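Chains C and A, in that order, give the protein sequences. Going by the numbering used here, the first residue of the first sequence is number 1, and it counts up by one from there. Going by the numbering used here, the first residue of the second sequence is number 520, and it counts up by one from there. Encoded as structure tokens, the structure appears first; notes follow it.
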Amino acid sequence: MTTTSIGSSDRTTGLPGWYRPILIWRVLVALMMAAGLIGVLLRRGIVLDGPLRWSLAVTLLMFLGGSLVAVIDTVRQRHLGRVTAFFIDFLLAVVFSFIAFNRMGMFTGLDAVGEAFNGNVAWIGIVVLGWFISGFTERGGTVNESLRNIARYTMAAGVAVLLLAMGLLPGLIEFGRRLFVADVIPIAILAAAAVLAARTMWSDSAARMFSTTAAEGETMDGLLFVAPNMLGFLAFMAGPLFVSLFISFTEWDGLTDARFIGFQNYIDLFSDDLFLRSLRNIVVFGAVAIPLAVLPAMLLAHLLNSKLPGMKFFRAVYFLPSIAGVVGVTLIWKQLFNSTVGFINYGILKVTDLFNSVFGSGFAAGEPQWISDDSIALISVIILFVWQQIGFNTVLFLAGMQGINPTLYEAADIDGAGPWKKFQKITVPMLKPTTVFVVATTTILALQLFNEPFILQSPSPPSGPGNSTLTPVVYLYQNAFQEFQIGYASAVAWALFILIFGVTLLYFRRSGDDGVLSS
Amino acid sequence: MKRKLVLLFAILALVAAACGDSDDGDTTTAAPGTTAAAPATTEAMADVSLRWSTRPDNAEEAEVYRTIGEGLAEELGITLTYEPGDNETASYQQKLLTNLSAGTAPDVFWIPGTDIADFASRDVILDLREYADGSGHSDADFYPGPMAQLTTEVATGQPGNVLWGLPRDVSTFALYVNLDLVAEAGAPNPVELEAAGNWDLAAFNEVVDAVGGLGGEIRGYGQSNWWGPFGAWINAAGGGFFNAERTACALDSAESIAGIAALTDLYTTGSVIPYGDDPEPPFRAGTVGMFQNGRWATPGIRTVDFNWDVVGLPSGPAGPGNWLFWGAYVVNADTANPAAAWELVAALTQADVQAQVSASGANIPSRVSQDALDAFLGFTPPANNQAFLDGLSQNPTTEGPLWSGSWPEFSNLMGTEVQAVVTGATSIEDYTANICTATASAFGG
């Protein structure tokens, strides 16, 4: 990436012409952040309630700190000032543009653009025609310039007609109208100023003035490349995550003002029988379901890795449960589990009848209440979960097995090793990285269990008979959306996060100790 | 660079064009916390834009609501956007709460009757009394049970001079009867027993035993295990969940215990669908004699291929013990157009609109209107639609919130305890001793 050259130098000071305006802009930004922070804290101008208020305050505080660093290091002409200023301006440009577009109601039109495009998609035919013509412009090494121009103009005309058909002209008028009607001119000016300031800090002139080294310049390039992804991550992942962390320290119903209560929610968790029950359930669930979803998958993958005819078909069959919608699949299993008309109990009945008729015995077929008996309700969820996960895990193991160097097996053959020895001594050790990944992902999914008990138990409460299918996420849901305890639910979420993080970290540390991850 | 700018500008222009000129993006909602204005009789209705949402019972009903919305937009002369809510298991409640929290909830929305207190006490919904008083509205046009809850003052927990909304519809329980199985078992027809005034618990048990006696996978009766079905047994015995003021647990009263004991006895016979199993699939498969559910189950039951009808709940010592289920249209406290929102609520609950909804079969009109009831009765089968309306006139217990406590917490705790006693995991003596202690936290205890 190259930087751009902007502005001329002030002959008296030797400083570039943009330096003074940029410095003023930097001070203005810092003042704006300070004013915004005061406005949020004193509820003047910016009226927000609950965690949103505190989240905005923290964000503004961070921007204020960054702005002060930018001002000081811009005066000192240090590279840190350039980087900080650039990214603050970059973020401000994004934020101000977002606010302006939102006030103009632009985002509500995105769906309609899709519809307008679909309705006029036929005009793309002209573009395709131009592209088709362009295919004939070069024959035998000579280029037919006239034909190339015809192709070029045809494609341009196609795009123009498409845009006009989609409403470009009324759109331009509407865009201009909204710019004034929605009262966004000041915000648009701020956005434009931020863009200009960011571009200035990006320039060669700024690089020279701030004595940016080549390595530092490349770092800036790299950061800019990841900026769109980072923005998305901050807005939709890290942001909500930290907001929920803050909420977990409050008593908040999601509708009225939050009250900061420190660690009280976390303290309450340890004396909450239902939460402890949900933890117990999920630990039992994980202890049974994870091995059942992993070990058979490895054996299955070993079978499917053979070169017998029809194996591709079986690979697809085993993968099917993984791509089927969890709601639909669970509803089907709910029917299967029905104790009076479900196929599972029907199967038990028929097998018992067959056994009795063959051996002349008189066993009575049991009629397990798969969903409503608190002693086996969790087993039903385990069966469903394992059935869903085993196929996906099989595919992962299969991919791992196909990556094992075949010469290892050839050497084992020469040494006279049998199939079991080869599986035990080559396949299993070589699959260790895959196994770690499979176990870790299955564990995370298991600990986040929600859909299966929720749908399986409906219309009954999802906690199941005697709270036997109550999981932390189900409990979180009940607290957040049924009992208006968003603060407490957030504490449950973070407790679960710590559990998942701890278990995953343990897996990876153990694997790291064994050199698995480095291999 | 210039090309990119031109392209960006063209995209923005297209988006603006797609928006049309109906939405300026800054006029539809007030800032959170804005106090509602006085009745805005001067609101220019042509400029008013409202969003509304409700939770339909099925896809057909969702379509009916959409059609109703289009008609009302024309009738009221406003821009009306219908945002269909998902069904109960697909997060209607979560989406509504999230929208309310973010300040993006519709102007008018539906909530279950048990949620009224939670929403009213948090100032999320608007007191519509002043708008209603100026519009010729009368509370007496609706069934009194829901109206008592919708006019309850937050501070006192007793009816007063407020109006939190109007009921969208009501519903009651009935027993769906597989007439073919009853005939095969040689049991008396429950519909005829009811008509003769002989439909009590003894007759009910006789039918259950007879049908259950057919053996195999056949069962005499089934009910779900949420609070409504077992609550009907408590009501029929003369008990209740709460004391008269709804401020404390009454599940350990002699009457309430008698109701739970009768239910527990029924489940020890082995003639019923195991408690906690969904009874609807086996009923639809033709293997259950009677199945307790609300009117909302009717459209689904109509697909079965055996003879069926409905009958009222059998009378216990205190009568049939039915529930009056309901939900209400309420107005978002942050709406910018409170007067228009009230007009929409009133229009959504007028007799002809309720008739349109009830004609699709899932709900009973909440307005005491013969026109609306006639539309409801015209949806057959079942032949004995009157059973649902009889439930309304037999002193049903109105579903309602806890004005001093947490209903969701109470219902969760209560459900677990009842499940334990009905399935035999707990004795009736232990249940009696512990039930009100186990649910005390719902009252802040």
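Here a beta-carbon is modelled for each residue, glycine too, at the ideal position from N, C-alpha and C. As the structure is a prediction and not an experimental result, all values here were calculated from the model.
Short Cβ contact (8 angstroms threshold) for residue i with residue j
i        : j        : result
C/GLN522 : A/PRO800 : Any property of residue 522 of chain C remains undetermined from this structure, which presents chain C solely from 1 to 519.
C/SER248 : C/ALA491 : yes
A/THR885 : A/PRO686 : The residue asked about is misnamed: residue 885 of chain A is Ser in this sequence, not Thr. Going by C-beta atoms, A/SER885 is nearer than 8 angstroms to A/PRO686.
C/GLN482 : A/PRO631 : no
A/THR670 : A/ASP658 : yes
C/THR442 : C/ASN393 : yes
C/THR154 : C/GLY130 : yes
A/ALA756 : A/ALA777 : yes
A/VAL887 : A/ASP652 : no
A/LEU892 : A/ARG765 : no
A/VAL830 : A/ALA881 : no
A/TRP745 : C/PRO461 : yes
Contact set between residue i and chain A, taken where Cβ atoms lie within less than 7 angstroms
i        : result
C/GLN478 : ASN931
C/SER460 : SER743, ASN744, TRP745 and GLY795
C/GLN335 : PRO800
C/GLN448 : The premise fails here: C/GLN448 is roughly 17 angstroms from chain A at the closest Cβ pair, so nothing lies under 7 angstroms.
C/LEU255 : LEU619, SER620, ARG641 and VAL643
C/ILE371 : GLY795 and ASP796
Residue i, DSSP secondary structure in three states
i        : result
C/TYR266 : helix
A/ARG687 : strand
A/TRP815 : helix
C/ALA160 : helix
A/SER541 : Because the pLDDT at A/SER541 is just 43, under 50, the model does not fix this residue reliably, and the point stays unresolved.
A/TYR740 : strand
A/LEU843 : strand
C/ARG315 : helix
A/PRO707 : coil
C/ARG139 : strand
C/ASP413 : helix
A/PRO900 : coil
A/PRO678 : strand
C/ILE371 : coil
Chain C contact residues for residue i, given Cβ-Cβ distances below 8 angstroms
i        : result
A/THR806 : THR340 and VAL341
A/GLU736 : THR340 and VAL341
Cβ shell of residue i (< 8 angstroms), same chain only, five flanking positions each side left out
i        : result
C/LEU447 : ILE282, GLY286, PRO472, LEU496, LEU499, ILE500 and VAL503
C/LEU398 : ALA301, LEU304, ASN305 and ARG315
C/VAL195 : ASP89 and ALA93
Partners in chain C for residue i, counting only beta-carbon separations shorter than 9 angstroms
i        : result
A/PRO603 : Ordered by position in chain C, no residue passes the 9 angstroms Cβ test against A/PRO603, which lies about 16 angstroms from the chain.
A/GLN612 : PHE481 and GLN482
A/GLY819 : None at all; the shortest Cβ gap to chain C is about 12 angstroms.
Proximal residues of chain A, C-beta to C-beta of residue i below 8 angstroms
i        : result
C/THR250 : Correct list: empty, because the minimum Cβ distance to chain A is about 13 angstroms.
C/LEU42  : Under the 8 angstroms cutoff, chain A gives no residues; its nearest Cβ is about 15 angstroms from C/LEU42.
Bridge partners - residue i, DSSP secondary structure assignment
i        : result
A/GLY835 : A/GLY838
C/TRP333 : Paired residues: none, contrary to the question.
A/LEU569 : A/LEU599
A/TRP827 : A/ASN697
A/PHE810 : A/TYR695 and A/GLY741
C/GLU251 : C/ARG259
A/ASN851 : A/ILE644
A/PRO884 : A/ASP688
A/THR916 : A/TRP842
A/PHE761 : A/CYS768
Same chain, Cβ closer than 7 angstroms to residue i, neighbours up to 5 away in sequence not counted
i        : result
A/GLU736 : THR806
C/THR434 : LEU396, PHE397 and GLY400
Partner residues on chain C for residue i, Cβ-Cβ distance less than 7 angstroms
i        : result
A/ASP637 : PHE484
A/GLN938 : PRO465 and GLY466
A/SER925 : GLU483
A/LEU616 : GLY254 and PHE481
Contact with chain B by residue i, beta-carbon distance below 8 angstroms
i        : result
C/ILE344 : Judged by its chain identifiers, the structure shown contains no chain B, and its protein chains are C and A.
Own chain, CB closer than 6 angstroms to residue i, minus 5 neighbours either side, in chain order
i        : result
C/TYR266 : ALA491
C/ASN451 : VAL326
A/GLY924 : ALA961 and PHE962
A/VAL567 : ILE597, ASN856 and ALA859
C/THR212 : HIS79
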